[in-house]
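As structure tokens, this is what we get:
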């Protein structure tokens with residue numbers, strides 16, 4: 001009975017001694033080593049009492065603890081200038097111990113960048129995603145419109161023309177290929193947005209902030225690229241320009257029959273106009289010929305009249321009958337002599353008696 005208490009006392013005395021020794025060693029050790037020993041003891045205690053994993057809950061994959069390549073210590077800070085996670089010794093010994101480096105705590109940098117990227121996603125990327133989805137729905141609705149219009153045209157054209165259907169299918173294939181290409185482009189952008197969002201939220205859920213911080217710049221650049229990347233809003237492919245050859249042919253036939261009637265009516269009008277024109281031309285020709293002949297006869301009458309009048313106006317010598325011209329005006333009249341007998345005269349008007357035998361001409365109106 002006495003041996004048990006003695007053993008307890010000895011064990012307690014040993015524990016006290018070990019505690020005292022550890023306290024002395026702690027006092028002699030530097031603070032950094034004390035923190036490392038505490039962390040190692042804490043890890044040993046955790047390892048001594050491991051939690052049993054629940055077989056019904058899937059355990060997340062264990063991430064390896066990343067340490068600083070310079071000092072082999074865990075990361076505690078983040079350099080905003082270099083965008084690198086660093087340890088405490090990096091801020092003291094280098095290479096991040098100058099004023100050129102902006103140092104934040106790892107958790108603070110994680111929260112700041114996480115909030116910034118999340119705000120960018122909500123403010124820009126989600127709106128772009130909605131626009132892309134709306135554009136895809138519009139294109140899909142347009143595709144349905146094209147298919148509907150195509151079925152209507154196909155129903156009308158199937159009974160008569162096979163070649164029309166073939167050309168219609170080719171036109172539809174071209175339009176659907178263009179729209180499918182646009183959908184694939186939009187879907188690629190949409191998948192990229194979803195990939196960026198899922199990558200962000202996956203990295204956000206990881207306990208270790210280092211992977212997120214290392215990829216935060218890339219995520220932000222991808223967000224900026226996807227927001228700035230334009231997409232074609234206007235759908236330039238329309239269903240109403242599909243070839244309607246049957247309808248066009250019917251319209252052409254209707255127009256052809258109407259045009260044929262119009263051509264016949266025009267031909268009839270032209271024939272009537274030509275016949276009337278020929279009749280009018282003949283009448284006009286005859287009228288012109290009649291008027292010309294009348295005019296010519298009138299002119300001939302006038303010529304005769306004026307010639308008679310002109311002959312009346314021509315003066316001749318009473319004695320010799322010469323015309324009154326310049327060469328005879330002041331010349332001597334051989335017939336005007338005193339011994340001349342004036343039986344033959346050329347004028348109706350007789351000269352005065354004192355003019356006879358003067359050898360001068362006496363001009364008067366001739367006898368007609």
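In the UniProt record's numbering, the protein residues as written are 1 to 368. We treat Cβ as the ideally placed atom computed from N, Cα and C, and that holds for glycine. Being a predicted model, the structure only gives us computed values, none of them experimental.
Here's the rule: buried if 16 or more other CB atoms are within 10 angstroms of the residue's CB, otherwise exposed. What is residue i?
i, result
"residue 113", "buried"
"residue 78", "buried"
"residue 363", "buried"
"residue 182", "buried"
"residue 236", "exposed"
"residue 219", "buried"
"residue 47", "Any reading at residue 47 needs caution, since the residue's pLDDT is 46, under 50, leaving its predicted position unreliable; the model's value is listed next. With fewer than 16 Cβ atoms within 10 Å of its Cβ, residue 47 is classed as exposed."
"residue 305", "exposed"
"residue 75", "buried"
"residue 255", "exposed"
"residue 157", "buried"
So, for residue i: in the same chain, excluding its five sequence neighbours on each side, which residues have a beta-carbon less than 7 Å away from its beta-carbon?
i, result
"residue 215", "203"
"residue 365", "312, 315, 347, 348, 349"
"residue 227", "124, 125, 128"
Taking the beta strand (DSSP E) that residue i belongs to, which residues open and close that run?
i, result
"residue 161", "Residue 161 -> no beta strand (DSSP E), and no H or E assigned at all."
Could you work out which residue in the options is closest to residue i when comparing CA atoms only?
i, options, result
"residue 160", "104, 247, 302, 185", "247"
"residue 121", "201, 171, 101", "201"
"residue 195", "263, 222, 169, 185", "222"
"residue 91", "70, 281, 233", "70"
"residue 87", "95, 73, 93, 115", "73"
"residue 102", "119, 231, 75, 83", "83"
"residue 337", "365, 328, 319", "319"
"residue 197", "267, 118, 132, 145", "118"
Short of 6 Å in beta carbon distance, which residues of its chain neighbour residue i, apart from the five on each side in sequence? Order them along the chain.
i, result
"residue 43", "Reliability fails at residue 43, whose pLDDT of 47 lies under 50, so the model's placement of it is uncertain and no value is given."
According to DSSP, is residue i helix, strand or coil?
i, result
"residue 66", "coil"
"residue 231", "coil"
"residue 183", "helix"
"residue 332", "strand"
"residue 77", "strand"
"residue 363", "strand"
"residue 316", "strand"
"residue 206", "coil"
"residue 347", "strand"
Got a sec, what are the start and stop residues for the alpha helix (DSSP H) residue i sits in?
i, result
"residue 84", "From DSSP, residue 84 is part of no alpha helix (DSSP H) but of the beta strand (DSSP E) over 84-86."
"residue 110", "106-120"
"residue 149", "126-157"
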